[in-house]
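All residue numbers for the sequence shown refer to this note's numbering, where the first residue is 34 and numbers rise by one.
Every residue, glycine too, gets a C-beta built ideally from N, C-alpha and C.
Here's the structure we're looking at; comments come further down.
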Amino acid sequence: MSQRIFLVGLPGAGKTTLGIALASHLGIRFVDLDAEIEKRAKQSIRSIFSEKGETHFRQLERLSLNHVIKALSTFVMATGGGTPCFFDNMEVMKSVGTTVFINTPIDAIKKRLQQDTVRPVMQTDTLEDLHEKRVSWYLRADEKVTTLRELTELF
34 MSQRIFLVGL
44 PGAGKTTLGI
54 ALASHLGIRF
64 VDLDAEIEKR
74 AKQSIRSIFS
84 EKGETHFRQL
94 ERLSLNHVIK
104 ALSTFVMATG
114 GGTPCFFDNM
124 EVMKSVGTTV
134 FINTPIDAIK
144 KRLQQDTVRP
154 VMQTDTLEDL
164 HEKRVSWYLR
174 ADEKVTTLRE
184 LTELF
């Protein structure tokens, strides 16, 4: 049986941490979309943003998302924070699997990200700005959770 689960939410929401735990719980593969992009581009996301810009990055992101969908029928994927907000990515994910919004409170994310200067978008936007721009996209997800327990209860 194929099962594709896409985790969406703000940078620092815990998509990767929860995704790894859920994949382990289900006994299926975990995919980090950002890592897939870096592997395909042979460079870090930070350098893609700085050298080629966000538009180029978003195109690579879309290509990588579609590549994984075509290559694998079963996985849990941690998407990038902006993945569902560009092109038709959210519709594509919903059409082939289940999307889950990891709705972590902004204050909790801020505590996690205090030391994190790696995330390119965080150089130009505050978490509040990102939340305001993206929450309408995240709310299109099939499910909404805040904890690993809620997530594992879904599947």
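Using three-state DSSP, classify residue i as helix, strand or coil.
i, result
"THR131", "strand"
"ILE70", "helix"
"ARG238", "The structure shown does not extend to residue 238, since the chain spans only 34 to 188, so no value can be given for it."
"PHE90", "helix"
"LYS46", "Position check: residue 46 holds Ala in this sequence, whereas Lys was assumed. ALA46 falls in the coil class under three-state DSSP."
"SER77", "coil"
"ASP121", "coil"
"GLY114", "coil"
"ASN136", "coil"
Determine the contact status of residue i and residue j, defining contact as a CB-CB distance below 8 Å.
i, j, result
"LEU55", "ILE38", "yes"
"ILE135", "GLY45", "no"
"ALA74", "LEU93", "yes"
"LEU66", "THR137", "no"
Does any heavy atom of the ligand SAM sit closer than 7 Å to the C-beta of residue i?
i, result
"ASN136", "Here there are no bound small molecules, and the ligand SAM is not part of this structure."
How far does the alpha helix (DSSP H) with residue i in it reach, from first residue to last?
i, result
"ILE61", "Element bounds for ILE61: n/a, residue is neither H nor E."
"THR107", "Premise fails: THR107 lies in the beta strand (DSSP E), 107-111, not in any alpha helix (DSSP H)."
"LEU160", "160-171"
"THR185", "181-187"
Identify, in the order they occur along the chain, each residue of the same chain with its Cβ nearer than 7 Å to the Cβ of residue i, setting aside the five sequence neighbours on each side.
i, result
"ALA32", "Outside the shown range of the chain (34 to 188) lies residue 32, about which nothing can therefore be said."
"LEU164", "At residue 164 the sequence reads His, which differs from the Leu that was named. Answer for HIS164: LEU43, ILE139, listed in chain order."
"ALA111", "LEU40, LYS48, THR49, GLY52, ASP65, LEU66"
In chain order, what residues of the same chain have a beta carbon less than 8 Å from the beta carbon of residue i, not counting five sequence neighbours either side?
i, result
"ALA68", "none"
How would you write the range of the beta strand (DSSP E) that residue i sits in, first residue to last?
i, result
"LYS177", "176-178"
Identify, in the order they occur along the chain, each residue of the same chain with its Cβ nearer than 6 Å to the Cβ of residue i, setting aside the five sequence neighbours on each side.
i, result
"LEU187", "GLU176"
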